[in-house]
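**Student:** In this note's numbering, the protein residues as written are 234 to 438.
Quick reminder that beta carbons are idealized off the backbone N, C-alpha and C, glycines included.
Just so you know, these numbers come straight off a predicted model, no measurement behind them.
Below are the structure tokens for one structure; questions will follow.
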Amino acid sequence: MQPSAETVEVVASRLMEWYARHKRQFPWRVGMRDDWRVLVTAFLLRKTRAETVAKHYDRVLAALSSPEKVLELGVEGVEEVLKPLGLHRVRARQLYELAKALAEGRGGRLPGVGPYTEALVRCLSRGELVAAVDVNVHRVVARLFGVGDRRRVGELASQLVKAAGTCELNLAVMDLAALVCRARKPRCGECPLAAYCAHARTQRS
Ligand code: SF4
């Protein structure tokens, strides 16, 4: 079902109000206006809990402050830096390949950078009004509007970002997914969007 423009606007506005009161505080959410910083953060957060990344974040970012620094350290040096986070071999190789591609000024898709990470860079580093849809954002939008199709979820997420007028809406959906609209047992009773949510409606009926 296509929600009306008014519904999309109200949902975006309710979500941003909720986010202002409940947003999670992470070190990478301060001063993100740098492509490299966003890329490294996205790599670190893959398959690792945000709280674990937060513990090591400042040290890792200081050590891997630029693509040049990563190339200088080499794969083994990067592995050492990433060791406490786990998956250090895979991540070190990926970051090294990425740093190499950037240093060589390669065009096209960067190694290890898919549509989600690219959207994060455009949003968080450059302030573009684009939706970044990972599995968690997909879950919230799909439940909210009663859709399952990936393309449709992407379109609706994009409409929400535009209605909010800020790509911070992506962070708001991520936080709602983590704190309220969890994969198992969503807390619909505490959700600011329950009145507009297709999933919550089916639970009530
Ligand atoms: S009402 Fe429930 S299912 Fe709907 S967005 Fe909120 S937590 Fe998720």
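I need the straight-line Cα distance from residue 289 to residue 300, nearest angstrom please.
**Tutor:** Working through the sequence shown from its first residue, we reach residue 289 at position 56. Working through the sequence shown from its first residue, we reach residue 300 at position 67. Taking the straight line from one Cα to the other gives about 19 Å.
**Student:** With respect to 7 Å, is the separation between the Cβ of residue 416 and the closest non-hydrogen atom of the ligand SF4 below this value?
**Tutor:** By one-based count along the sequence shown, residue 416 stands at place 183. No, Cβ of residue 416 sits at least 7 Å from all heavy atoms of the ligand SF4.
**Student:** Excluding the 5 residues preceding and the 5 following residue 285 in the sequence, name in chain order all residues of the same chain whose CB lies nearer than 7 Å to its CB.
**Tutor:** Working through the sequence shown from its first residue, we reach residue 285 at position 52. Only 318 meet the Cβ criterion.
**Student:** Starting from the Cα of residue 262, find the closest Cα among 422, 405, 420 and 419 and give me that residue.
**Tutor:** Taking the first residue of the sequence shown as 1, we reach residue 262 at position 29. Of 422, 405, 420 and 419, the residue nearest in Cα terms is 405.
**Student:** Identify, in the order they occur along the chain, each residue of the same chain with its Cβ nearer than 6 Å to the Cβ of residue 296, setting aside the five sequence neighbours on each side.
**Tutor:** Mapped onto the sequence shown, residue 296 falls at position 63. 314, listed in sequence order.
**Student:** Which residues end up in the neighbourhood of the ligand SF4 when you take C-beta atoms closer than 6 Å to any of its heavy atoms?
**Tutor:** 373, 376, 377, 413, 414, 419, 420, 421, 424, 426, 427, 430, 432 and 433
**Student:** Keeping to the same chain, check which residues put their C-beta closer than 8 Å to that of residue 241; ignore five residues upstream and five downstream.
**Tutor:** The count along the sequence shown starts at 1 and reaches residue 241 at position 8. Cβ neighbours of residue 241 beyond the five flanking positions: 389, 392, 393 and 396.
**Student:** Which of helix, strand or coil does DSSP assign to residue 337?
**Tutor:** Counted from its first residue, the sequence shown places residue 337 at position 104. Three-state result, residue 337: coil.
**Student:** In chain order, which continuous runs of the alpha helix (DSSP H) of length 4 or greater are located wholly inside the segment 312-359?
**Tutor:** If we require 4 residues or more, the alpha helix (DSSP H) runs fully inside the segment 312-359 come out as 321-336 and 348-353.
**Student:** Do you know how far the Cα of residue 411 is from the Cα of residue 427?
**Tutor:** Along the sequence shown, one-based indexing puts residue 427 at 194. Along the sequence shown, one-based indexing puts residue 411 at 178. Counting only the Cα atoms, residue 411 lies some 16 Å from residue 427.
**Student:** How about residue 400 and residue 363: do their beta carbons lie closer than 8 Å?
**Tutor:** Against the sequence shown, residue 400 aligns to sequence position 167. Against the sequence shown, residue 363 aligns to sequence position 130. Cβ atoms of residue 400 and residue 363: closer than 8 Å.
**Student:** What are the boundary residues of the alpha helix (DSSP H) that residue 274 is part of?
**Tutor:** Position 41 of the sequence shown, counted from the start, is the residue given in the question as residue 274. Here the alpha helix (DSSP H) through residue 274 covers 268-278.
**Student:** What is the rounded straight-line gap between the Cα of residue 255 and the Cα of residue 357?
**Tutor:** The residue you call residue 255 lines up with position 22 of the sequence shown. The residue you call residue 357 lines up with position 124 of the sequence shown. Each residue's CA atom was taken as its position, placing residue 255 and residue 357 some 19 Å apart.
**Student:** Whole angstroms is fine: what's the gap from residue 379's alpha carbon to residue 235's?
**Tutor:** Translated into positions along the sequence shown, residue 379 becomes position 146. Translated into positions along the sequence shown, residue 235 becomes position 2. Those two C-alpha atoms are separated by around 10 Å.
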